[in-house]
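Structure, as structure tokens:
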Amino acid sequence: MMQTMIARWGRFSRNLSRAFREWADGGRRRGILVLAGMAWLALAAVSATAGEPSRGGREALTVDAFSVVRIHTKVVPQARSRSTLGNEREGTGIVIDSSGLILTIGYLIQEAETVEIATTDGRSLPASVIAYDFATGFGLLRALKAPPIKPIEFGDSSQLGEREPVLIVGFDGVAPAFVVSRRSFAGYWEYLLDEAIFTAPATVNWQGAALINKEGKLLGVGSLAVGDAMGARARLPGNMFVPIDLLKPILGDLIAQGKSAAKPRPWLGINTQDLQGKMMVTRVSPDSPAEAAGLVNGDIIVGVRGEQVQGHADFYRKLWASGEAGAEVMLDVLKGTEIKQLGVKSIDRNSYLRPRPTY
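Structure, rendered in structure tokens:
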């Protein structure tokens, strides 16, 4: 059945490719219409396959066949992330081994007090948080009892090229898409990926969704909805995925120690907006190093240790080059009309959360 679904989905690849050729040829409006139309047709074919009666008495295919489960979490009282991420969170988890180890996007389980996973047939199981890696954004859970779902195999995300067809599998369904760009991603919350995977068209319930290739292997984990999936080339809505290759070298440490073996990066506790290459502070986390140092909304960070910053990625690289967590980071900050030097005593972001990790 899975092979039937993937085969039907693959028949639409050439038509979806035509949509991207339309973009490349300058017919952007026509291209996006073709893209949207072909995506809906492909989705209908996938859905029809999933609903087909099985042969030989086997169960009909559901998203369980793609190794995904629903995740529902409630955070601890007074959670630091409650104001930005909510008290309850829901998304997708991906079963990656037979013992009940489940991969997801980390913000779903950050500061979680209770975690429950559910399969599509309504079976629910409690789970515990194993790890959350801030550098990549991956989170790991372990179900109290392994769900009766075959684990997915990892693919090679480094070999995934633009225009390749993929499936996005969330707890509520399957959506076809294409890879539209491979490039760096800098988040406003002190987060940077050197190379992320961007897909289109956009899909809902992307949080923790599995990005799967034509061989049925896992290539990435859903993180965000974006309005610029193709980067500066066009304003095309889509989704951003964290490549699975980033998990492979740290997975053993995450399981054994609850964290990567890498030294924790210095964290300040600010959200920023790129203002012509400079960083305008848009939010200061309460009780954070940034607040203690006197940073406030509207301040503009123009340099780190006397070196000018040019955009988010450059800012983060200079920030993290200041040393590991605990280092004092010297910022050049425009306050009103005056540039001031502020020393910010950084911390490990894990130590800011409630409850404190017990790795």
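So in the working numbering, spot 83 of the sequence shown is number 791, and the numbers just go up one at a time.
The beta carbon of each residue, even a glycine, is placed where N, CA and C say it ideally should be.
Going by DSSP, Ser836 is part of the beta strand (DSSP E) stretching over 832-840. By the 16-neighbour rule on beta-carbons within 10 angstroms, Ser996 is buried.
In chain order, Ser889, Arg891 place their CB closer than 7 angstroms to the CB of Gly939, counting only its own chain and leaving out the 5 sequence neighbours on each side.
In chain order, Gly935, Asp936 place their CB closer than 7 angstroms to the CB of Arg943, counting only its own chain and leaving out the 5 sequence neighbours on each side. Taking 3 residues as the minimum length, the beta strand (DSSP E) runs contained wholly in the segment 984-1051 are 986-992, 1008-1012, 1036-1043, in order along the chain.
Here the alpha carbons of Leu927 and Ile920 stand approximately 6 angstroms from one another.
The alpha helix (DSSP H) runs of length 4 or more contained entirely in the segment 783-824 are, from start to end of the chain, 790-793. With 16 or more neighbouring CB atoms inside 10 Å of its own CB, Gln818 falls in the buried class. When DSSP states are grouped into helix, strand and coil, Gly960 belongs to the helix group.
In the pairwise beta carbon analysis, the segment 946-961 is classified as not touching the segment 983-990: fewer than three pairs are separated by under 8 angstroms. With respect to Ile804, Gly916 sits apart: the two C-beta atoms are not nearer than 8 angstroms. Within 10 angstroms of the beta-carbon of Thr827 lie 16 or more other beta-carbons, which makes it buried. Taking one beta carbon from each stretch, the segment 1005-1012 and the segment 1035-1046 have 3 or more pairs nearer than 8 angstroms; the two touch. For Ile920, the uninterrupted beta strand (DSSP E) run begins and ends at 918-920, by DSSP.
Distances from the CA of Ala851 to each of Leu809, Ala843, Pro859 were compared; the closest alpha carbon is that of Leu809.
When the alpha-carbon of Val776 is set against those of Thr911, Lys1026, Gly878, Gly1031, the nearest one is in Gly878. Rounded to whole angstroms, Leu793 and Glu999 show a C-alpha spacing of 20 angstroms. Rounded to whole angstroms, Asp880 and Lys1026 show a C-alpha spacing of 41 angstroms.
In the DSSP secondary-structure assignment, Met948 is bridged to Phe906, Leu932.
Straight-line measurement puts the Cα of Val1037 at about 32 angstroms from the Cα of Val929. In the structure shown, Phe893 adopts extended strand secondary structure according to DSSP, grouped into three states. Apart from the 5 residues on each side of it in sequence, Arg991 sits with its Cβ closer than 8 angstroms to the Cβ of Ile978, Asn979, Asn1005 in its chain, given in chain order. A direct Cα-Cα distance of roughly 20 angstroms separates Ile963 from Thr781.
Leu849 places its beta carbon less than 8 angstroms from that of Ser836. Beta-bridge partners assigned by DSSP to Trp975: Ile1055. Listed as beta-bridge partners of Leu900 by DSSP are Ala894. In the structure shown, Arg871 adopts coil according to DSSP, grouped into three states. In terms of Cβ geometry, Ile876 and Thr844 do not form a close pair [threshold 8 angstroms]. If you draw a straight line from the Cα of Pro974 to the Cα of Leu959, it comes to about 22 angstroms. Around Arg778, the same chain offers Ala826, Phe879 as residues with beta carbons nearer than 6 angstroms, after the five sequence neighbours per side are excluded. Under the three-state reduction of DSSP, Phe886 is assigned to strand.
Non-local beta-carbon contacts of Val1017 in its own chain, meaning distances under 8 angstroms to residues more than five positions away in sequence, involve Gly985, Lys986, Met987, Ile1009, Val1010, Gly1011, Phe1023, Lys1026 in chain order.
Taking C-alpha positions only, Phe906 is separated from Leu976 by approximately 28 angstroms.
Arg850: member of the beta strand (DSSP E) spanning 846-851, first to last residue.
Ranking Leu1061, Glu821, Gly847, Glu861 by CA distance to the CA of Glu923 puts Glu861 first. The alpha-carbon of Lys1053 is positioned some 29 angstroms away from that of Glu821.
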